[in-house]
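Residue numbers (our numbering): 353 to 508. Notes follow once the structure below has been shown.
This is the structure:
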């Protein structure tokens, strides 16, 4: 990956191309378009009749609207069997503060913590965000029984 900012920590600055859905973005690395999946985040799928799927994509798009570059922090399995890079995605918000979009999505109820692996660096942090989202009934947590251990229940 080009534009490393912290090679020893596996953090890379990359050009943002677009938001695909609530947990996937496209970035440009070495002049190639690559899919990046947000580590530990599962948002409702756009395909099918899943509540909050469109809202999750819009939320992520709005968060990254004025962002040209994002920072990918790799942790655990770096690339999945589909060739998607798994990363914590960091960005500078409008106030110039560095934030993790994975955490934003969970905190505001547009995704759940999922695909957990033992050594996940920010698991406790994201679990705390999810707990707050549940307590407040944010987004996906506003529909009783919608979120399950395996994902989301389709609307009838």
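The beta carbon of each residue, even a glycine, is placed where N, CA and C say it ideally should be.
Check                                                                                                                                                             : Outcome
Is it buried or exposed, residue 418, if we count other Cβ atoms within 10 angstroms and call 16 or more buried?                                                  : exposed
In whole angstroms, what is the alpha-carbon distance linking residue 497 and residue 396?                                                                        : 14 Å
Among the residues of its own chain, which have a CB less than 6 Å from the CB of residue 436, if the five just before and after it don't count?                  : 387, 389
Is it buried or exposed for residue 489, if we count other Cβ within 10 angstroms and need 16 for buried?                                                         : exposed
Kindly give me the distance between the Cβ atoms of residue 458 and residue 468, rounded to whole angstroms, as I take these residues to be in contact under 8 Å. : Incorrect: roughly 12 Å between the Cβ atoms, too far for contact.
Can you tell me whether residue 472 is helix, strand or coil according to DSSP?                                                                                   : coil
Any idea what DSSP makes of residue 416, helix, strand or coil?                                                                                                   : coil
In angstroms, rounded to a whole number, what distance separates the CA positions of residue 391 and residue 433?                                                 : 14 Å
Please determine, among 479, 394, 428, 415, the residue with the shortest C-alpha to C-alpha distance to residue 504.                                             : 394
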